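Throughout the sequence shown, residue numbering follows UniProt numbering, covering 1 to 191 in sequence.
Beneath this line is the structure, given in structure tokens, with notes to follow.
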Amino acid sequence: MREVNYNLEKRRILILDEQPARWGSKNYYKVKDLYYSAFPEWERFSWFSMVLMSFRRKLKLNAVYDGETFCGMICYYISDSTVYLAYLAVTAELRGNGYGSKILHMLEEKYPEQQIVLDIEPLDPDAENYHQRVSRLRFYQKNGWRRTHQMLIDADGEFEALVDQNHFDKKDFAKTLKQMSLGFYRFRIEK
């Protein structure tokens with residue numbers, strides 16, 4: 001009989017848990033620190049706005065844990081038929097270990113009837129971070145996300161919308177962004 005040696009650490013199933021990042025909690029400071037370190041200033045909402053919006057039940061600003069280990073943060077807004085994934089970040093020391101994929105799948109399992117939309121920097125060969133943009137797109141495509149070829153254009157620039165399904169409902173996505181920002185966010189969506 002042949003002996004099989006499994007490396008259990010690599011094959012371990014990730015079971016993740018979301019916990020709210022309420023003001024003053026340990027999650028609040030962990031999420032805030034990760035938010036500031038993972039996203040450039042021009043790409044971030046103000047932290048004060050994020051915390052304020054999270055008092056609304058439809059906006060989730062959460063820490064993500066694998067057991068007792070803080071592994072990331074996620075911020076998303078839920079409407080009737082769209083979930084807008086505004087931010088997803090994995091802690092620097094855990095990147096490359098499947099946590100980003102698992103967080104995406106966790107969200108897809110939680111909201112199977114809604115389209116989930118996120119936006120990324122467009123593929124511009126002249127961009128300083130072109131290779132990073134390509135890697136980011138490949139990551140999402142590897143996880144089943146599709147390009148919509150629709151651009152979200154706002155004061156900070158252009159971002160391409162990606163969706164987790166075959167169909168992209170542009171009107172509902174726009175409605176979701178307006179609801180999330182209480183109508184204050186100025187944007188347009190176009191091809």
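Just so it is clear, CB atoms sit at the ideal spot from N, CA and C, and this is done for glycine as well.
Because the structure is a prediction, the values reported are computed rather than measured.
Around the beta-carbon of W42, fewer than 16 other beta-carbon atoms lie within 10 Å, marking it exposed. Annotation for K60: the continuous beta strand (DSSP E) segment containing it runs 59–66.
Across the set F173, S37, M180, the C-alpha of F173 shows the shortest separation from the C-alpha of Q114.
In its chain, beyond the 5 residues on either side, N143 have a beta carbon closer than 7 Å to the beta carbon of L104. A direct Cα-Cα distance of roughly 15 Å separates K30 from F48.
Excluding five sequence positions before and after R186, the CB atoms of its chain that fall closer than 7 Å to its own CB belong to D154, A155, given in chain order. In the structure shown, G144 falls within a coil segment according to DSSP collapsed to helix, strand and coil.
Y77 has L59, Y84 as its beta-bridge partners, per DSSP. For P20, the beta-bridge partners assigned by DSSP are N62. In the DSSP assignment, F184 falls outside any alpha helix (DSSP H) and carries neither an H nor an E. When beta bridges are read from the DSSP output, V163 appears opposite V117, R146. As the crow flies, the alpha-carbon of E108 is around 8 Å from that of D164. Between the region 76–88 and the region 52–61 there are three or more inter-stretch CB-CB distances shorter than 8 Å, so the stretches are counted as touching.
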